[in-house]
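Comments concern the structure below.
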Amino acid sequence: MSLVVKDLNVRLGTAEVLKGISLSIDPGELVAIIGPNGCGKSTLLRAISGVLKPTSGSVFLNGIPLRSHKRRMRARILGLLNQVDVIPMMTTVRDHIAIGRFPYRNYLRNETEHDSMAIEQALELCQITHLADRRVEMLSGGERQRVRLATLLAQAPSKLLLDEPLTGLDLEHQYALLHLLRELNENMDRTVIVVLHDLSLAMRYFDRVLVIDDGQVVADGAPCEVMTESLIATVFRVKANIGVEPGTRNPIVVCQGKIEDDDPESAPEHD
Amino acid sequence: MSTPLSVTTRLTASHNQGKWKRILVGSLVVIFLTVAGILLSLALGAVEIPLDQTLRVIFGGGNETDRTIIIESRLPRAIAALLAGCNLAVAGTLLQAVTRNPLADPGLIGVTAGAALAATIVLTVLPSSAAILPMAAFVGAMIAAVAVYTVSWRPGSGSSPMRMILAGVAINAILGAVIGVLITAFADRIPAIMFWTAGSFNGRGWGHVDILWPYTLAGVVMAIWIRARLAAMELGDDSAATVGVPVEGTRLIAFAAAALLAGSAASVAGLVGFVGLVVPHVIRLLLGGNTGLIPVAAVAGGALLLWSDLAARMVLAPSEMPVGVVTGLIGGPYFIYLLYRSRWLQ
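Taken in sequence, the protein lines are chains C and E. The first sequence runs 1 to 271 under my numbering. The second sequence runs 1 to 346 under my numbering.
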């Protein structure tokens with residue numbers, strides 16, 4: 001199922017957050033979205049997921065406008081891990097993850113065996129089986145992030161949208177998550193779209209990088225083509241060197257520091 | 001996160017066993033309290049009827065006097081208390097879920113103040129038409145609820161929990177001020193207003209039961225119908241929307257159901273505080289989560305109001321206390337005990 005975004009505009013209050021974004025993401029792609037704070041990355045993910053109604057423009061799933069899909073059907077295709085961390089009252093980890101099964105439930109039937117299996121598997125994949133009976137508000141930020149991730153995995157959408165999923169995770173779980181996403185992408189043919197801040201990880205783990213600045217797509221393509229020192233200087237106002245780690249041949253981005261306004265290589269005016 | 005696809009079901013089984021055990025025990029406790037409360041409500045009063053006689057009347061026997069007292073007076077009063085308590089508890093459960101605010105109760109959405117203002121108007125301006133009090137209180141509650149929802153609603157973005165709470169605060173302030181004006185102008189009516197405001201089931205009969213039960217039935221059915229959506233909405237509007245919940249529609253259904261439930265309860269019983277706020281918390285603590293919350297909270301709210309009414313009748317007999325006073329006196333300390341003891345709230 002292809003995902004096509006056509007001329008998407010989103011205005012929040014008086015701010016033009018997205019200014020005519022068009023893009024197309026094929027099934028099975030592994031895409032990183034990068035860009036500075038406030039550039040519209042999260043808004044783009046929210047609009048693609050159907051949570052946010054765009055001011056104009058449309059998102060098409062398999063050629064059909066997103067809005068024409070039934071909510072539950074849409075939720076089986078598109079799942080979003082957002083950044084807002086609302087901590088529910090008196091909810092165990094397992095009950096939290098069970099909410100991911102909502103698109104498969106009907107009004108009268110409770111959890112089926114299939115639901116339980118999906119929940120159990122999500123617990124294991126996120127390494128939180130031992131926390132299943134704990135209450136969510138008792139957990140640390142990183143553990144809670146893994147619970148939220150497990151909820152998305154239990155939802156089992158064919159396209160996963162993740163907004164800064166590494167937030168709050170320790171190094172081990174950051175890499176575990178990235179490997180898990182790759183595994184879902186390669187072995188289960190899931191489309192994975194992730195908003196990230198770490199440029200090295202974006203280059204190393206993703207097949208395609210989408211750079212957003214000021215509500216527009218400014219670059220889109222394979223990491224090695226897209227990520228250049230001049231792009232990083234323009235978009236992030238940071239002086240960076242891109243190199244290759246000798247042993248692993250992985251690309252790495254080493255930042256030298258912020259570009260000052262009087263710097264001769266200075267990028268466009270700071271907003 | 002790298003050990004995919006080997007699923008153990010052992011944990012689910014043990015987890016579910018513990019969970020269902022709690023729900024079973026919780027339900028049994030609540031049902032026992034309800035049945036015991038009904039029996040005592042029927043047996044106790046100005047004329048004490050022995051339990052065996054009471055049971056005989058329930059199963060269609062007994063002598064004429066006992067039958068009249070129980071069937072015409074005590075039974076409808078007990079049922080009215082059960083239904084009103086059920087309504088308040090379910091209304092509170094719904095509002096706490098959709099506003100994501102543990103302090104939400106029917107007072108928050110203006111229902112209580114709306115009913116109080118309408119009742120105050122009847123008791124001061126139209127004292128001769130006290131018969132329309134239930135209807136007036138219900139209409140007042142509905143108008144206030146609609147006002148709160150309208151104020152909290154914005155074209156484009158709909159309502160939000162925060163705006164709903166703030167709109168409730170504002171509407172409550174306005175209604176409270178008008179009540180204050182009326183009380184000042186009609187100082188001689190203060191006792192009647194106070195008694196209504198504190199809530200009572202004194203003299204409530206089958207007519208009141210007939211007012212209540214359709215709302216109870218409809219409200220509980222609606223609440224159970226949207227229970228999975230409410231659970232998802234506790235994760236936030238966006239998270240609920242991504243799993244396919246129609247967020248705005250669900251909030252409206254829950255709001256409307258809570259207004260009808262609490263409005264009908266207020267119209268029959270006056271203002272009974274506390275039940276809607278505390279019963280959902282107590283039952284969540286008892287059950288350890290949200291599963292089974294709505295039906296168990298419904299019965300528990302009924303039981304609490306039934307026992308409170310019994311105490312209101314008996315403690316200072318032959319005079320009666322307002323039932324709202326009793327709910328506060330029983331429920332407040334018990335809630336503090338739970339807060340103190342529970343490992344869930346450490």
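The beta carbon of each residue, even a glycine, is placed where N, CA and C say it ideally should be. Since we're looking at a predicted model, the values are computed, not measured.
For the beta strand (DSSP E) holding residue i, just list the boundary residues, first then last.
i: residue 251 of chain C; result: 251-258
i: residue 216 of chain C; result: 216-221
i: residue 60 of chain C; result: 56-61
i: residue 46 of chain E; result: That residue, residue 46 of chain E, is in no beta strand (DSSP E); it is neither H nor E in DSSP.
i: residue 16 of chain C; result: 15-25
i: residue 193 of chain C; result: 191-195
i: residue 202 of chain E; result: Taken as a continuous stretch (DSSP letters only), residue 202 of chain E belongs to no beta strand (DSSP E), as it is neither H nor E.
i: residue 10 of chain C; result: 3-12
i: residue 208 of chain C; result: 208-213
According to DSSP, is residue i part of a helix, a strand, or is it coil?
i: residue 240 of chain C; result: strand
i: residue 146 of chain C; result: helix
i: residue 167 of chain C; result: coil
i: residue 139 of chain E; result: helix
i: residue 92 of chain C; result: strand
i: residue 79 of chain C; result: strand
i: residue 128 of chain C; result: coil
i: residue 64 of chain C; result: strand
i: residue 236 of chain E; result: coil
i: residue 70 of chain C; result: coil
i: residue 53 of chain C; result: coil
i: residue 156 of chain E; result: coil
i: residue 135 of chain C; result: strand
i: residue 201 of chain C; result: helix
i: residue 160 of chain C; result: strand
i: residue 317 of chain E; result: coil
Just curious, the alpha helix (DSSP H) that residue i is in, first and last residue?
i: residue 123 of chain C; result: 113-125
i: residue 66 of chain E; result: 64-67
i: residue 41 of chain C; result: 41-49
i: residue 30 of chain C; result: No alpha helix (DSSP H) holds residue 30 of chain C; the beta strand (DSSP E) holding it covers 30-34.
i: residue 167 of chain E; result: 161-185
i: residue 280 of chain E; result: 275-287
i: residue 349 of chain E; result: For residue 349 of chain E there is no data in the structure shown, the boundaries of chain E being 1 and 346.
i: residue 101 of chain E; result: Taken as a continuous stretch (DSSP letters only), residue 101 of chain E belongs to no alpha helix (DSSP H), as it is neither H nor E.
Would you tell me roughly how many angstroms separate the C-alpha atoms of residue i and residue j, rounded to the nearest one?
i: residue 232 of chain C; j: residue 132 of chain C; result: 42 Å
i: residue 245 of chain C; j: residue 225 of chain C; result: 17 Å
i: residue 214 of chain C; j: residue 328 of chain E; result: 56 Å
i: residue 302 of chain E; j: residue 90 of chain C; result: 23 Å
i: residue 71 of chain E; j: residue 202 of chain E; result: 15 Å
i: residue 233 of chain E; j: residue 292 of chain E; result: 17 Å
i: residue 29 of chain E; j: residue 23 of chain E; result: 10 Å
i: residue 222 of chain C; j: residue 203 of chain C; result: 8 Å
i: residue 333 of chain E; j: residue 161 of chain E; result: 29 Å
i: residue 68 of chain C; j: residue 277 of chain E; result: 40 Å
i: residue 36 of chain E; j: residue 51 of chain E; result: 11 Å
i: residue 31 of chain C; j: residue 87 of chain E; result: 50 Å
i: residue 48 of chain C; j: residue 275 of chain E; result: 43 Å
i: residue 153 of chain E; j: residue 75 of chain C; result: 26 Å
i: residue 97 of chain E; j: residue 217 of chain E; result: 20 Å
i: residue 286 of chain E; j: residue 104 of chain E; result: 19 Å
i: residue 322 of chain E; j: residue 262 of chain E; result: 18 Å
i: residue 251 of chain C; j: residue 230 of chain E; result: 46 Å
i: residue 246 of chain E; j: residue 238 of chain E; result: 10 Å
Using 8 Å for Cβ pairs, my map puts residue i next to residue j. What's the rounded Cβ distance?
i: residue 34 of chain E; j: residue 338 of chain E; result: Not really, about 20 Å apart at Cβ, beyond 8 Å.
i: residue 298 of chain E; j: residue 122 of chain E; result: About 30 Å separates the two Cβ atoms, so there is no contact after all.
i: residue 179 of chain E; j: residue 116 of chain E; result: 6 Å
i: residue 107 of chain E; j: residue 273 of chain E; result: 7 Å
i: residue 55 of chain C; j: residue 101 of chain C; result: Not really, about 33 Å apart at Cβ, beyond 8 Å.
i: residue 58 of chain E; j: residue 209 of chain E; result: About 16 Å; that fails the 8 Å criterion.
i: residue 150 of chain C; j: residue 97 of chain C; result: 5 Å
i: residue 226 of chain E; j: residue 253 of chain E; result: 6 Å
i: residue 347 of chain E; j: residue 258 of chain E; result: Only positions 1 to 346 of chain E appear in the structure, and residue 347 of chain E is not among them; the question remains open.
Tell me whether residue i is buried or exposed, calling it buried when 16 or more other Cβ atoms sit within 10 Å of its Cβ.
i: residue 185 of chain E; result: exposed
i: residue 121 of chain C; result: buried
i: residue 73 of chain C; result: exposed
i: residue 159 of chain C; result: buried
i: residue 240 of chain C; result: buried
i: residue 331 of chain E; result: buried
i: residue 196 of chain E; result: buried
i: residue 256 of chain C; result: exposed
i: residue 259 of chain C; result: buried
i: residue 269 of chain C; result: In this predicted model, residue 269 of chain C has a pLDDT of only 48, less than 50, meaning its place in the structure is not dependable enough to derive any value.
i: residue 64 of chain C; result: exposed
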